[in-house]
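Engineer:
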Ligand SMILES: Nc1ncnc2c1ncn2[C@@H]1O[C@H](COP(=O)(O)OP(=O)(O)OP(=O)(O)O)[C@@H](O)[C@H]1O
Ligand SMILES: [Mg+2]
């Protein structure tokens, strides 16, 4: 459905996309995850033929994408990162306008319009002007305008930025529903939880490059780090700590006087062994956590940076 | 599809506050202000013939020169509506009743009796002073050079005096040219619609533009619909202003109202084209572009005589090129031609210049609009 190869995009001296490759198959929810400035928006804009690029090729629906490829454009829905609606038009008028750019037939459009409103939960706000809408509702309107015409391929560029949790869940659920309805989705975000929950395949981007790609399980398996153990414990002796550090499969163990953190190697579980040592040595411990690795851990390990901020 | 774009564009335009202010509210306020300024000037204008009394006594009969001078400036087109009274008491009575603004008592020198000192009385006094001054000069000239008697008629140009006074009363030509300049300004404010249209069309100028660029729209079809929508909004405003000036304020635009409207259409197209060019040319923020547009309109309007009467003539005389290339001046001049000239030569020349400028601006705008992929967004 999407085939991008060796895309290079420069803004002056800055290389925003550096030999970027991407393949998205029909029916996927594909996540582009990366910190601010990693090139997610640039990648999407290049795919849509909005931006010039110096090298590489983009094909959508099996055909090279150009600005005049209206047949392709008709099958695509885009929700831009920046809210783009007419301030002087009401919710209904806005959706009708953008839907009308794709669907000339009035009757069909009315049905689609109602569906989009239902879908985004904007029913109570049909006659509202955008400036009267809260941030979350405005985002929902932005989404409704992008998807009302039932596109086969949808690009969503950080649709949930600055949205309250309730609206966010509503939006995520909506995206799943679009996907169930047959749409292929490209979703960008720098919220890893969101991407993890939603996407069937994920690409992690940094500095205009893909650093890792796969399902979330693939990605987590890719790194050395696995489960993260946290144990609240006081007065851990040096000998005990050494014994724990010696447990096979623990890659990174630290103690700061009240919390013991240990990282297991990928796909290995060692909580039992750690607790065994403590029990055997009759050391009392408080709360115990065991967390599976997150995409942040993946990112951290690959790039040496934190994904968050 | 096209109706969708067009109708929503009209809706947007009518709800957009800033351009509404400049194309509707501002001209309506300005024309109302002009109207009241001119109405007060007009009360001055009405003195052209005001009732003045003269005591028809022996002294008046004797002073034939004075009598003929006074009579020559009286009547329909003169300064006074002269009424003769038998004696001073009758004239006094009429003055008290307000039937006359004052009266003249012949003698040596002749005297003016008035009650107030508004502009009419000043005129009467001016006449009397001028008469006395002229008479003294004549006496002096004749005393030193009796041969100069042949030149006397030139010295006694009373008719000119009347004309001069009435000219000072803001003849319709001057007064209406304010409205012409005002209407020209309104036409140029069509630039708002052109500007907004282009900003919302271009992916690199606004998120809305980006969203529309990813839609399956041919570049030109959508642009033309949009511009037509903008033009519709603008012309609605122009028609409201014209109707207000003509029907509510009662300003006479002459008999060729249809041609006036045609001129408005041409002028508006020019404005829209200019706004489109400004928007397409640069990557400034929308607000900056609007500021440029307003400044441009104001400067053109100033040079066409909107703020200070007569600037247009000065520019036309000393910098003819600027005057010919000033869209506001051309539009205003077109209205002027329609009002004053029976032939259409100059009008058509103006119209031609306006249309040529429109074409130039639109062409420039479209050259910038033609690229379809952007270097950056
Ligand atoms: N118009 C532009 N001119 C110059 N540089 C730009 C422009 N747009 C983006 N960039 C730069 O290109 C890089 C990639 O930006 P891009 O917007 O694609 O990142 P992003 O991953 O979408 O970030 P975010 O999460 O903040 O949306 C950044 O370093 C950014 O500063
Ligand atoms: Mg972005």
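Chains as they are written, first to last, in the numbering used here: chain A, 2 to 310; chain B, -3 to 373.
For every residue, glycine included, the Cβ atom is placed at its ideal position computed from N, Cα and C.
Every value quoted in this text rests on a predicted model; they were computed, and no experiment measured them.
Could you tell me which residues DSSP puts in a beta bridge with residue 289 (chain A)?
Structural biologist: DSSP, once it has assigned bridges, lists A:232 as partnering residue 289 (chain A).
Engineer: Whose Cβ in chain B lies nearer than 7 Å to the Cβ of residue 49 (chain A)?
Structural biologist: Within 7 Å Cβ-Cβ: 210.
Engineer: Quick check: the Cα distance between residue 23 (chain B) and residue 302 (chain B), rounded to an integer number of angstroms?
Structural biologist: One C-alpha to the other measures close to 11 Å.
Engineer: In angstroms with no decimal places, state the Cα-to-Cα distance between residue 190 (chain A) and residue 258 (chain B).
Structural biologist: One C-alpha to the other measures close to 54 Å.
Engineer: Would residue 112 (chain A) pass as an interface residue toward chain B - the criterion being a Cβ-Cβ separation below 8 Å?
Structural biologist: No, its Cβ sits nowhere closer than 8 Å to a Cβ of chain B.
Engineer: Is it buried or exposed, residue 159 (chain A), if we count other Cβ atoms within 10 angstroms and call 16 or more buried?
Structural biologist: Buried, by the Cβ-count rule.
Engineer: Could you pull the start and end residues of the alpha helix (DSSP H) that residue 4 (chain A) belongs to?
Structural biologist: Element bounds for residue 4 (chain A): not the alpha helix (DSSP H) but the beta strand (DSSP E), 3 to 12.
Engineer: Quick one: what's residue 108 (chain B) bridged to in DSSP?
Structural biologist: B:100, per the DSSP bridge assignment.
Engineer: Starting from the N-terminal side, write out each stretch of the alpha helix (DSSP H) that is 4 residues or longer and does not extend beyond the region 254 to 319 of chain B.
Structural biologist: The region 254 to 319 of chain B contains these whole alpha helix (DSSP H) runs: 282 to 299, 307 to 314.
Engineer: Does the CB of residue 369 (chain B) have a neighbour CB from chain A at under 8 Å?
Structural biologist: It does; some Cβ of chain A falls within 8 Å.
Engineer: DSSP three-state call for residue 178 (chain B): helix, strand or coil?
Structural biologist: In this structure, residue 178 (chain B) counts as helix in the three-state DSSP scheme.
Engineer: Can you grab the Cα-Cα spacing for the pair residue 350 (chain B) / residue 147 (chain A), in whole Å?
Structural biologist: In a straight line, the C-alpha of residue 350 (chain B) is about 41 Å away from that of residue 147 (chain A).
Engineer: Give me the residue from A:151, A:163, A:212, A:192 with the minimum Cα distance to residue 186 (chain A).
Structural biologist: Comparing Cα-Cα distances from residue 186 (chain A) to each of A:151, A:163, A:212, A:192, the minimum goes to A:151.
Engineer: Taking all protein chains shown into account, decide if residue 355 (chain B) is buried (16 or more other Cβ within 10 angstroms of its Cβ) or exposed.
Structural biologist: Result: exposed.
Engineer: Taking 7 Å as the limit, tell me which residues put their C-beta closer than that to any heavy atom of ligand 2, in chain order.
Structural biologist: Here the list is A:41, A:42, A:82, A:158, A:159, A:189.
Engineer: Under 7 Å Cβ to Cβ from residue 137 (chain A), same chain only, skipping five residues before and after it: list those, please.
Structural biologist: Only 164, 165, 168 meet the Cβ criterion.
Engineer: Where does residue 131 (chain A) land, buried or exposed, given buried means 16+ other C-beta within 10 angstroms?
Structural biologist: With 16 or more other Cβ atoms within 10 Å, it is buried.
Engineer: In angstroms with no decimal places, state the Cα-to-Cα distance between residue 70 (chain B) and residue 128 (chain B).
Structural biologist: Residue 70 (chain B) and residue 128 (chain B): Cα-Cα distance of roughly 17 Å.
Engineer: Which first and last residues belong to the alpha helix (DSSP H) in which residue 3 (chain B) is found?
Structural biologist: Taken as a continuous stretch (DSSP letters only), the alpha helix (DSSP H) holding residue 3 (chain B) covers -2 to 11.
Engineer: Rounded to whole angstroms, what is the Cα-Cα separation between residue 272 (chain B) and residue 311 (chain B)?
Structural biologist: Going by the C-alpha atoms only, they are around 27 Å apart.
Engineer: In angstroms with no decimal places, state the Cα-to-Cα distance between residue 183 (chain B) and residue 266 (chain B).
Structural biologist: Distance between the alpha carbons of residue 183 (chain B) and residue 266 (chain B) is about 8 Å.
Engineer: Please confirm if the region 232 to 250 of chain A is in contact with the region 261 to 279 of chain A, defined as three or more CB-CB distances below 8 Å between the two stretches.
Structural biologist: At 8 Å Cβ cutoff, the stretches touch.
Engineer: For the region 83 to 98 of chain A, which residues have a beta carbon sitting closer than 8 Å to at least one beta carbon of chain B?
Structural biologist: Against chain B - using a Cβ distance shorter than 8 Å - the residues of the region 83 to 98 of chain A are 83, 84, 85, 86, 87, 89, 90, 94, 97, 98.
Engineer: Nearest chain B C-beta to residue 284 (chain A) closer than 8 Å, yes or no?
Structural biologist: Not one chain B Cβ lies under 8 Å of residue 284 (chain A).
Engineer: Could you check where the alpha helix (DSSP H) with residue 146 (chain A) kicks off and where it finishes?
Structural biologist: Counting along the chain, the alpha helix (DSSP H) containing residue 146 (chain A) begins and ends at 136 to 148.
Engineer: Excluding five sequence neighbours on each side, which residues of the same chain lie with their C-beta closer than 7 Å to the C-beta of residue 197 (chain A)?
Structural biologist: 217, 296.
Engineer: Taking 7 Å as the line, does the beta carbon of residue 335 (chain B) fall inside it for any heavy atom of ligand 1?
Structural biologist: No; taking the cut-off as 7 Å, the Cβ of residue 335 (chain B) has no heavy atom of ligand 1 nearer than that.
Engineer: Using a beta-carbon distance below 8 Å, is residue 362 (chain B) in contact with chain A?
Structural biologist: No, no contact with chain A.
Engineer: Could you check if residue 20 (chain B) is buried or exposed, using at least 16 other CB atoms within 10 Å of its CB as the buried criterion?
Structural biologist: Under this definition residue 20 (chain B) is a buried residue.
Engineer: Within 8 Å, do at least three Cβ pairs link the region 6 to 18 of chain B to the region 80 to 89 of chain A?
Structural biologist: Yes, they touch.
Engineer: Have a look at the DSSP bridge pairing and note the partners of residue 76 (chain B).
Structural biologist: B:46, B:70, per the DSSP bridge assignment.
Engineer: Can you give me the start and stop residues for the alpha helix (DSSP H) that residue 297 (chain A) sits inside?
Structural biologist: Where residue 297 (chain A) is concerned, the enclosing alpha helix (DSSP H) stretches over 296 to 304.
Engineer: Please report the residue range of the alpha helix (DSSP H) in which residue 84 (chain A) lies.
Structural biologist: Counting along the chain, residue 84 (chain A) falls outside any alpha helix (DSSP H), and DSSP gives it neither H nor E.
Engineer: Can you tell which of B:102, B:97, B:68 has the C-alpha that lies nearest to the C-alpha of residue 82 (chain B)?
Structural biologist: Ranking B:102, B:97, B:68 by Cα distance to residue 82 (chain B) puts B:102 first.
Engineer: List the whole-angstrom C-beta distance separating residue 220 (chain A) from residue 203 (chain A), where the pair is believed to meet the contact cut-off of C-beta under 8 Å.
Structural biologist: Confirmed, Cβ separation roughly 6 Å.
Engineer: Give a yes or no on whether 8 Å exceeds the smallest Cβ distance from residue 12 (chain A) to chain B.
Structural biologist: Yes, residue 12 (chain A) counts as interfacial toward chain B.
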